[in-house]
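Notes follow the structure.
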Amino acid sequence: MAHPLIIPMAAHVALTALLYVLLTVARAPAVWGLGRRVDGSNPWATIEPRIGANLSNQFEWPLFFHVACLILLQADSNRLALVLAWIFVAGRVLHSLVQILTGNVRLRGLVFTINFVAVLGLWAMVALNAV
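Under this note's numbering, the first residue of the sequence shown carries the number 180, and numbering increases by one thereafter.
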């Protein structure tokens, strides 16, 4: 049976894959001419850079999430680790929605705090297991 931490890790990978699909769709009018407006413009032109920026974000702070989870997979992680992992994933989904759909930097910063604190909690567990 797979370790329970694998599922939130896979959920984050799925979110990242979904963002790749969205970015491909958003770029299709400019790259392949698919879905262009009658005037030739890209209907996704305003949202495409936000999707790209959010996709880049998935390879920054989340790196620390995945490393902590991999370390905790080897230790006797408890339910708290699993809860923190799911909080992280939920926070990443919210962060993506805010960044892509609103462009509200202040709100995005507040939502990012959810991810930040969850990963710090995971790393606290890693550090405590190392002692």
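Even for Gly, the Cβ is constructed at its ideal location relative to N, Cα and C.
These numbers come from a predicted model, not from an experiment.
Item to complete: Compute the distance between the beta-carbons of residue 301 and residue 247, then report whether it is under 7 Å.
Response: yes
Item to complete: Determine the DSSP secondary structure at residue 180, reduced to helix, strand or coil.
Response: DSSP places residue 180 in coil when its eight states are reduced to three.
Practice prompt. Spell out whether any CB of chain C is found under 7 Å from the CB atom of residue 302.
Written response: Protein chains in the displayed structure number just one, and chain C is not present.
Practice prompt. Please confirm whether residue 263 and residue 297 have their CB atoms less than 7 Å apart.
Written response: yes
Practice prompt. Counting only the same chain and skipping the five closest in sequence on each side, list residues whose C-beta sits under 6 Å from that of residue 265.
Written response: 187
Worksheet item: Count the other CB atoms within 10 Å of the CB of residue 214; is the residue buried (16 or more) or exposed (fewer)?
Response: exposed
Discussion item. Buried or exposed, going by whether 16 or more other CB atoms sit within 10 Å of the CB of residue 305?
Written reply: buried
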